[in-house]
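Asker: First residue of the sequence shown: 10, per our numbering; consecutive thereafter.
Note that beta-carbon positions come from the ideal geometry of N, C-alpha and C, so glycine has one too.
Right, I'll just put the structure down here and ask away after.
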Amino acid sequence: MSTQESPKCFCCGRQMDESKTNFTVVKPTHVYVVRDVPCLECSFCGYTSFSQETARALERLTSGRSVPHKRLTAWVYQWGVPTEQIPDSSTMQRGTINRVETRDELVNVS
């Protein structure tokens with residue numbers, strides 16, 4: 010075991026633990042998601058921090074100059090703009106909608 014004490018949370022002062030998280034960056038024409046990023050996370054308030062090395066790697070990955078491992082479809086909403094609701098399957102009338110794609114089908118586009 011390490012004798013070094015875990016860092017304290019910048020927000021609440023409690024202990025932070027090693028963890029993994031998903032990192033998301035939204036730019037005008039692209040959304041970048043980096044999965045399973047090593048981090049320190051506060052289990053009390055949820056604050057997350059990255060090492061300098063990890064932060065530099067995240068900057069490189071989300072710069073638009075790296076080829077992603079996978080392309081996904083994202084659902085984009087604009088706050089305050091009305092949206093149509095997808096009918097609940099229990100209230101749908103037969104023949105109203107030919108096919109409703111599940112979120113998994115929409116997201117797992119290669």
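Which residues in the same chain have their Cβ closer than 6 Å to the Cβ of Ser45, if we skip the five residues on either side of it in sequence?
Answerer: What you label residue 45 is simply residue 36 of the sequence shown in a count that begins at 1. First, the residue type needs correcting, since residue 45 is Asp and not Ser in the sequence shown. Contacts found: Lys29.
Asker: Can you find at least 3 beta carbon pairs, one from the region 81-90 and one from the region 60-67, that sit closer than 8 Å?
Answerer: no
Asker: Evaluate Leu49 with the Cβ neighbour count: other Cβ atoms within 10 Å of its Cβ, from every protein chain shown; 16 or more gives buried, anything less gives exposed.
Answerer: Along the sequence shown, read from residue 1 onward, the residue named residue 49 stands at position 40. Buried, by the Cβ-count rule.
Asker: Which one of Val43, Val40 and Cys21 has the shortest CA to CA distance from Ser52?
Answerer: Start at 1 with the first residue of the sequence shown, and residue 52 comes out as number 43. Looking at the Cα atoms, Cys21 is the closest of the given residues.
Asker: Could you please give the first and the last residue of the uninterrupted beta strand (DSSP E) stretch that includes Glu68?
Answerer: Your numbering for residue 68 matches position 59 in the sequence shown. Element bounds for Glu68: not the beta strand (DSSP E) but the alpha helix (DSSP H), Gln61 to Leu70.
Asker: If you compare alpha carbons, which of Gly89, Val34 and Ile95 is closest to Arg69?
Answerer: The residue you call residue 69 lines up with position 60 of the sequence shown. Residue Val34 is the option with its Cα nearest to Arg69.
Asker: Which same chain residues, not among the five before or five after Pro16, have their C-beta less than 7 Å away from its C-beta?
Answerer: Residue mapping note: residue 16 aligns to position 7 of the sequence shown, counting from 1. Correct list, in chain order: Met25 and Leu49.
Asker: Arg74 to Gln94, Cα distance in whole Å?
Answerer: Your numbering for residue 74 matches position 65 in the sequence shown. Your numbering for residue 94 matches position 85 in the sequence shown. Near 37 Å, if we compare the C-alpha coordinates of Gln94 and Arg74.
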